[in-house]
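A.B. asks: Before I ask anything, let me first share the structure, which is written out below as structure tokens.
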Amino acid sequence: MPVAIITGASKGLGRALGAALAESGWNLVLDARTAGALQESAAYVRERAKDGARVAALAGDVGDAGHRAALVAAARRLGGLDLLVNNASALGAEPLVRLDGLALDGLRAALETNVVAALGLVQESLALLRASGGAVLNVSSDAAVEAYETWGGYGVSKAALDHLSAVLGVEEPGIRVWAVDPGDMRTDLYRAAVPADDPSGRPLPELVVPAFLDVLARRPASGRYTAPALLADAR
């Protein structure tokens with residue numbers, strides 16, 4: 705039975721992906737900063753678990769080395785690690801602001817969560833991932849490759865995550881490393897980023913999850929992928 709760690713799993717894409725993997729019989733280690741929201745999400749995921757899949761939930765900050773070690777230890781207790789999903793993200797400012805008004809501490813916070821903590825969790829996980837021939841799935845954004853006003857700090861952090869993914873894919877040929885851009889979604893993160901925008905026309909995360917499941921099923925070469933393109937290929 706495969707094992708996955710999913711960060712940022714209390715809501716949005718992390719929660720939806722966790723539910724889909726549990727339905728497919730994956731053992732899961734779920735992470736989020738807010739304990740109450742995480743426990744609610746874990747209960748939702750457990751209700752959908754099939755084939756005896758187990759779900760562990762550990763609240764904490766992925767920026768904390770001790771918490772990262774605890775996540776990997778929980779995966780080891782479930783049997784190892786086949787997939788690491790770095791989904792936890794920080795915007796750097798809520799709502800988003802132009803670069804001329806972006807607090808440097810906000811930029812540092814985005815880089816710490818979206819890049820530094822992601823690499824820290826990769827480093828903590830690598831021995832298990834090498835043993836299983838597993839995969840790292842880093843959740844990217846179109847802001848990493850497009851210049852959107854006010855999305856500069858967040859985009860910079862996701863661009864760095866993309867490049868980190870690309871280099872890791874070269875350095876670790878025995879595992880897969882994917883940066884996947886989910887595209888527009890109706891999430892709390894987007895509402896926090898642009899509260900004045902109407903998100904009703906954006907798809908729910910559950911409609912994007914099939915693209916991630918397609919990557920896991922096909923195991924394409926390490927690289928950057930977009931959910932809209934993956935969904936189009938699947939169709």
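Quick note on this note's numbering: the sequence shown kicks off at 705 and runs consecutively.
Quick reminder that beta carbons are idealized off the backbone N, C-alpha and C, glycines included.
Here the structure is a predicted model, which is why all the values come from computation and not from measurement.
Going by DSSP in three states, residue 721 sits in which element: helix, strand or coil?
C.D. replies: Helix.
A.B. asks: DSSP on residue 781, reduced to helix/strand/coil?
C.D. replies: Three-state result, residue 781: helix.
A.B. asks: Give the straight-line distance between the Cα atoms of residue 911 and residue 780, rounded to the nearest whole angstrom.
C.D. replies: Approximately 31 Å between the Cα atoms of the pair.
A.B. asks: Would you kindly report the start and end of the unbroken alpha helix (DSSP H) that includes residue 927?
C.D. replies: No alpha helix (DSSP H) contains residue 927, which is instead part of the beta strand (DSSP E) from 927 to 930.
A.B. asks: Going by DSSP in three states, residue 801 sits in which element: helix, strand or coil?
C.D. replies: Three-state DSSP puts residue 801 in coil, outside helix and strand.
A.B. asks: Take the Cβ of residue 852 as the centre, count every other Cβ of all protein chains shown within 10 Å, and call the residue buried at 16 or more, exposed below.
C.D. replies: That one is exposed.
A.B. asks: Can you give, in chain order, each stretch of the alpha helix (DSSP H) that sits fully within the stretch 831 to 868 and has at least 4 residues?
C.D. replies: Fully enclosed alpha helix (DSSP H) runs of 4 or longer: not present.
A.B. asks: Taking the CB atoms as reference points, tell me whether residue 745 and residue 719 lie closer together than 8 Å.
C.D. replies: Yes, the pair counts as a contact, with Cβ atoms nearer than the cut-off.
A.B. asks: Which of the three DSSP states, helix, strand or coil, is assigned to residue 776?
C.D. replies: Residue state, collapsed to three classes: helix.
A.B. asks: Using a Cβ distance threshold of 8 Å, determine whether the stretch 852 to 868 contacts the stretch 795 to 807, with at least three qualifying pairs required.
C.D. replies: In short, these stretches touch, since the Cβ pair count reaches three.
A.B. asks: Check this for me: beta carbons of residue 785 and residue 836, under 8 Å apart or not?
C.D. replies: Against a cut-off of 8 Å, the Cβ pair of residue 836 and residue 785 comes out as a contact.
A.B. asks: Please report the distance separating the alpha-carbon of residue 782 from that of residue 756.
C.D. replies: Distance between the alpha carbons of residue 782 and residue 756: 12 Å.
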